[in-house]
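Okay, structure first, notes after.
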């Protein structure tokens with residue numbers, strides 16, 4: 160019986176002569192198939208698209224100097240140019256004349272494919288031109304709309320500035336008017352005091368003559 164102690168030792172194998180031995184290795188040391196593409200093997204373990212993108216970003220961050228692969232768009236396959244016929248040379252299978260028909264049929268098929276490709280390219284160019292014209296018209300309309308709104312905003316700003324200036328000028332004018340009105344009021348008040356003095360009105364310190372005898376009686 161093979162135990163863990165004699166797994167790496169040379170032991171006789173049943174069915175073979177006694178002189179021949181077999182070296183047993185643990186499972187961890189067995190020969191394995193080499194992984195050719197480790198990146199693809201790691202990406203295969205991704206459970207979702209998020210994990211796949213995360214793995215790729217981490218790989219790019221580890222080696223920043225390595226240029227990232229950016230796939231390019233495939234170009235459309237163009238048909239071959241029409242062949243140049245050599246009329247003075249006869250083909251090897253021209254005995255019965257059947258080969259000429261097959262050659263004509265193949266050339267006709269190629270010519271039809273070429274004409275179809277030209278028609279598709281012309282249709283594509285027309286659509287591209289129509290799309291560019293429509294985009295240009297939309298862009299011009301948007302620019303006109305934005306210019307109109309810009310002019311409206313500018314007018315509004317100018318009106319606000321004018322209103323602010325008018326509000327600032329109004330209190331200054333009112334202050335000047337009040338300063339001009341104050342000396343007129345003083346001039347009006349001064350003659351009123353003089354007229355009071357001329358009229359002989361009693362002052363606050365002066366007491367009436369009627370009260371004087373009463374005070375003399377009290378003193379006596």
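Residue numbers (this note's numbering): 160 to 379. Note that CB positions come from ideal geometry on N, CA and C, so glycine has one too.
Taking the C-beta atoms as reference points, residue 241 is found no nearer than 8 Å to residue 272. Its Cα nearest to that of residue 275, the residue 238 stands out among 206, 238, 229, 306. The DSSP assignment places no complete run of the alpha helix (DSSP H) inside the stretch 259-340 (cut-off: 4 residues). Distance from the CA atom of residue 265 to the CA atom of residue 279, rounded to whole angstroms, is 21 Å. For residue 200, the secondary structure class from DSSP, reduced to helix, strand or coil, is helix. In the structure shown, residue 223 falls within a coil segment according to DSSP collapsed to helix, strand and coil. When DSSP states are grouped into helix, strand and coil, residue 228 belongs to the coil group. Straight across, the Cα-Cα distance linking residue 218 with residue 233 is about 26 Å. Residue 318 and residue 309 have their C-alpha atoms spaced approximately 14 Å apart.
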